[in-house]
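Mapped onto our numbering, the consecutive letters of the sequence shown carry residue numbers 20 to 364. To start, the structure itself, in structure tokens.
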Amino acid sequence: MPIFVGAASSLVIRGNSVGVGTTTTAGRNAGVGTPFGMTIYNVDTEQLEVYDNGDWTGGLSVPIDATGGSKNTSSRTGFNVHTFTSSGSIVIDQGVGYVEYVVVAGGGGGGQAGTGNGGGGGGGFRNGSFYVTPGTYPVTIGSGGGAAGGKGAASSFGPPSTPERIESEGGGGGSSPGDPADDGGSGGGGKGTNGVAGRGNAANRSIPEGFPGGRGGTYPSPSTFEIGGGGGGAGGAGGIGQATPGAAGAGGPGRSTSITGSPQTFGGGGGGGTYQSSGTGAGSGGPGGGGPGGSGGPGRTVPQMAGTPGTVNTGGGGGGAGSWAQIGPGGEGGSGIIIIAYPTS
Numbered sequence: 020m021p022i023f024v025g026a027a028s029s030l031v032i033r034g035n036s037v038g039v040g041t042t043t044t045a046g047r048n049a050g051v052g053t054p055f056g057m058t059i060y061n062v063d064t065e066q067l068e069v070y071d072n073g074d075w076t077g078g079l080s081v082p083i084d085a086t087g088g089s090k091n092t093s094s095r096t097g098f099n100v101h102t103f104t105s106s107g108s109i110v111i112d113q114g115v116g117y118v119e120y121v122v123v124a125g126g127g128g129g130g131q132a133g134t135g136n137g138g139g140g141g142g143g144f145r146n147g148s149f150y151v152t153p154g155t156y157p158v159t160i161g162s163g164g165g166a167a168g169g170k171g172a173a174s175s176f177g178p179p180s181t182p183e184r185i186e187s188e189g190g191g192g193g194s195s196p197g198d199p200a201d202d203g204g205s206g207g208g209g210k211g212t213n214g215v216a217g218r219g220n221a222a223n224r225s226i227p228e229g230f231p232g233g234r235g236g237t238y239p240s241p242s243t244f245e246i247g248g249g250g251g252g253a254g255g256a257g258g259i260g261q262a263t264p265g266a267a268g269a270g271g272p273g274r275s276t277s278i279t280g281s282p283q284t285f286g287g288g289g290g291g292g293t294y295q296s297s298g299t300g301a302g303s304g305g306p307g308g309g310g311p312g313g314s315g316g317p318g319r320t321v322p323q324m325a326g327t328p329g330t331v332n333t334g335g336g337g338g339g340a341g342s343w344a345q346i347g348p349g350g351e352g353g354s355g356i357i358i359i360a361y362p363t364s
């Protein structure tokens with residue numbers, strides 16, 4: 020026969036179990052003169068909590084489990100990993116605690132048309148941990164910027180319009196004629212006739228989410244080159260155009276994470292493009308930054324003037340267009356990605 024101490028919802032002693040009283044966090048904190056060793060079950064945190072040294076600490080707890088995105092239970096030992104390549108939600112079905120996250124925004128598009136155009140900046144990269152309780156958490160995946168130096172879109176995780184929301188800024192578009200490079204998570208590269216590049220970490224995060232693009236320039240000898248700068252990356256600045264041998268700036272490197280159990284790199288900048296109006300030889304387009312960003316178009320090689328796109332779901336920036344006798348399009352930026360992981364016990 021059970022023995023009740025206090026109300027029926029308080030301490031219960033049975034032959035094979037002991038039940039403690041239940042309360043909420045507000046009810047727990049309302050106690051005055053709580054003695055050390057007091058034990059309660061908190062229905063808000065779903066934990067058995069003990070009062071010790073002036074604070075409540077968790078005891079027995081329920082492991083976090085969730086649904087949403089592509090769930091992998093084996094790629095990382097002791098963790099579940101949810102990967103989102105399109106917008107949706109992660110639903111915490113049980114448990115409380117911290118989940119790890121990587122939030123990568125869409126990369127910027129490379130600049131288009133003919134003056135040695137800048138590469139697109141890589142999408143902003145943020146990682147860390149986020150405290151969750153059971154409920155639904157929206158996930159938004161940013162699209163890549165368009166092939167005319169468009170800025171990438173932001174990616175976000177968490178409740179809208181709250182301080183807890185994690186958001187990464189889209190990569191800045193590369194510079195085109197009449198269109199300066201954009202600031203962004205990482206900045207777009209500058210074009211050949213106006214070397215100004217976009218600023219990285221445009222949202223002024225206390226831990227930077229990206230770096231500036233590289234400046235472009237004009238070099239009149241021995242051949243006339245107008246050379247675009249590379250887009251900035253999540254792990255470093257974009258390269259500047261080099262006069263010899265007419266090489267556009269490389270895209271800045273991305274940042275690596277092993278949240279899935281294996282290293283992956285995101286948010287590389289796109290390479291700049293080259294325009295060559297006279298002389299011999301062919302200026303080269305800048306390579307994309309690891310992450311992976313697209314490469315820029317070269318000068319004087321008509322079939323290859325287009326910048327290549329950043330890879331989808333990496334936040335890579337698009338390559339800037341090259342040009343000689345015709346207009347070349349820039350590469351589109353790669354869309355973003357969000358990855359969430361938590362321990363299984």
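Positions of the beta carbon are idealized from the N, C-alpha and C atoms, including for glycine.
Distance CB(residue i)-CB(residue j) smaller than 7 Å
i      : j      : result
Gly313 : Gly288 : no
Gly193 : Gly203 : no
Gly125 : Gly355 : yes
Ala325 : Gly291 : no
Gly142 : Gly177 : no
Phe144 : Phe244 : no
Gly340 : Gly305 : Reading off the sequence shown, one finds Ala at residue 340, where the question assumed Gly. Cβ distance not < 7 Å, so Ala340 and Gly305 don't count as in contact.
Ser195 : Gly140 : no
Gly232 : Ala221 : no
Gly307 : Gly334 : no
Gly248 : Gly208 : yes
Local Cβ density within 10 Å of residue i, reported as buried at 16 or more and exposed below that
i      : result
Gly116 : buried
Ser330 : Here residue 330 is Thr; the residue named in the question, Ser, does not match the sequence. Classification for Thr330: buried.
Ser281 : exposed
Thr181 : exposed
Pro179 : exposed
Asp198 : buried
Ala85  : buried
Gln295 : buried
Asp201 : buried
Val121 : buried
Thr327 : buried
Glu183 : exposed
Thr159 : buried
Distance, residue j Cα to residue i Cα
i      : j      : result
Ile246 : Phe230 : 20 Å
Thr96  : Ile278 : 11 Å
Gly107 : Pro227 : 26 Å
Thr237 : Gly309 : 26 Å
Val123 : Met57  : 44 Å
Ala360 : Val151 : 12 Å
Gly337 : Thr43  : 51 Å
Lys90  : Pro157 : 16 Å
Tyr60  : Gly154 : 20 Å
Gln66  : Lys210 : 57 Å
Ala27  : Asp63  : Legend: pLDDT at Ala27 = 46, less than 50; position of this residue unreliable, value from coordinates given subsequently. So the two alpha carbons sit approximately 20 Å from each other.
Thr320 : Gly137 : Only weak support is given to the placement of Thr320: the predicted model assigns it a pLDDT of 46, under 50, and the question is left unresolved by the model.
Phe102 : Ser94  : According to the sequence as given, residue 102 is Thr; it is not Phe. In a straight line, the C-alpha of Thr102 is about 12 Å away from that of Ser94.
Residues of its chain near residue i, where Cβ-Cβ distance is below 6 Å and the 5 sequence neighbours each way are ignored
i      : result
Ser275 : Pro282 and Thr284
Gly372 : For residue 372 there is no data in the structure shown, the boundaries of the chain being 20 and 364.
Trp75  : Glu68
Glu186 : Ala173 and Ser175
Any non-hydrogen atom of the ligand COA closer than 6 Å to residue i Cβ
i      : result
Glu188 : Absent from the structure shown: the ligand COA. Ligands present: none.
Measuring CB atoms only, is the segment 161-174 touching the segment 119-130, in the sense that at least three cross pairs come out at less than 8 Å? yes
Would you call the segment 251-258 and the segment 338-357 in contact, with 3 or more CB pairs under 8 Å? no
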